[in-house]
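Below: one structure, written as structure tokens.
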Amino acid sequence: MLGLLVMTYSFPLCFTTVSEVLDTGTPWWSGVVFIAAGVTAIMTEKHCSIKSLRVCLLVTLVSVLVSLAAAAVYVTDLKLSRGVKSSLFLFTLTQTAVSSTFCFLLYRVKHTFAQYSTFTQQAPDTPTSATPPD
1081 MLGLLVMTYS
1091 FPLCFTTVSE
1101 VLDTGTPWWS
1111 GVVFIAAGVT
1121 AIMTEKHCSI
1131 KSLRVCLLVT
1141 LVSVLVSLAA
1151 AAVYVTDLKL
1161 SRGVKSSLFL
1171 FTLTQTAVSS
1181 TFCFLLYRVK
1191 HTFAQYSTFT
1201 QQAPDTPTSA
1211 TPPD
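Going by the working numbering, the first residue of the sequence shown is number 1081, and it counts up by one from there.
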């Protein structure tokens, strides 16, 4: 959701003077990464496996790094002008906090999930039908 906010709030910048934010395309590449992190989290919730959990952790970590890079670009450009860029900076900081928290929680769940998956892999299959003894 924050990815869509970042992308839609950046459209008014297209009609203003040239800025560092538009030259680097920060709202668009950061918005796409935020959306990808959200979609990955939803897919992990629906189809949970250790592989999807690791992918979600990786994409969320990339989202944290991208949001930090985008925040640096916004801070650099905020010195020149304010307005919409301050809103974009606020959304990016929110995304940084959400992604960092989610990344921490995924990391904790990954270890718990791995412990339980070893139990289920070692357990023998239960028979589907019982045969009476002779």
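Glycine residues also receive a C-beta, built at the ideal position from the N, C-alpha and C atoms.
Exercise for the section: Could you check the C-alpha separation between Val1189 and Phe1114 for me, to the nearest Å? Expected result: 21 angstroms
Exercise for the section: Select from Ser1179, Arg1162, Ile1122 the residue whose C-alpha is nearest the C-alpha of Ser1099. Expected result: Arg1162
Handout entry: For His1191, the nearest candidate out of Leu1137, Thr1088, Thr1120, Val1178 (CA to CA)
Key = Leu1137
Exercise for the section: With DSSP collapsed to three states, give me the class of His1127. Expected result: coil
Problem - Rounded distance between the beta-carbons of Val1139 and Thr1120, thought under 8 angstroms - result: 4 angstroms
Exercise for the section: Express the C-alpha separation of Leu1085 and Tyr1187 in angstroms, rounding to a whole number. Expected result: 27 angstroms
Handout entry: Three-state secondary structure (DSSP) of Ser1090
Key = coil
Handout entry: Option nearest Phe1169 by Cα separation, candidates Phe1182, Ser1180, Ala1149, Ala1117
Key = Checking every option, the nearest Cα to that of Phe1169 belongs to Ala1149.
Practice task
Taking only the alpha-carbon atoms, compute the straight-line gap between Thr1124 and Ser1132 and give it to the nearest angstrom.
Solution key: 6 angstroms
Exercise for the section: For Lys1165, count neighbouring Cβ atoms within 10 angstroms of its own Cβ and tell me buried if that reaches 16, exposed if not. Expected result: Result: buried.
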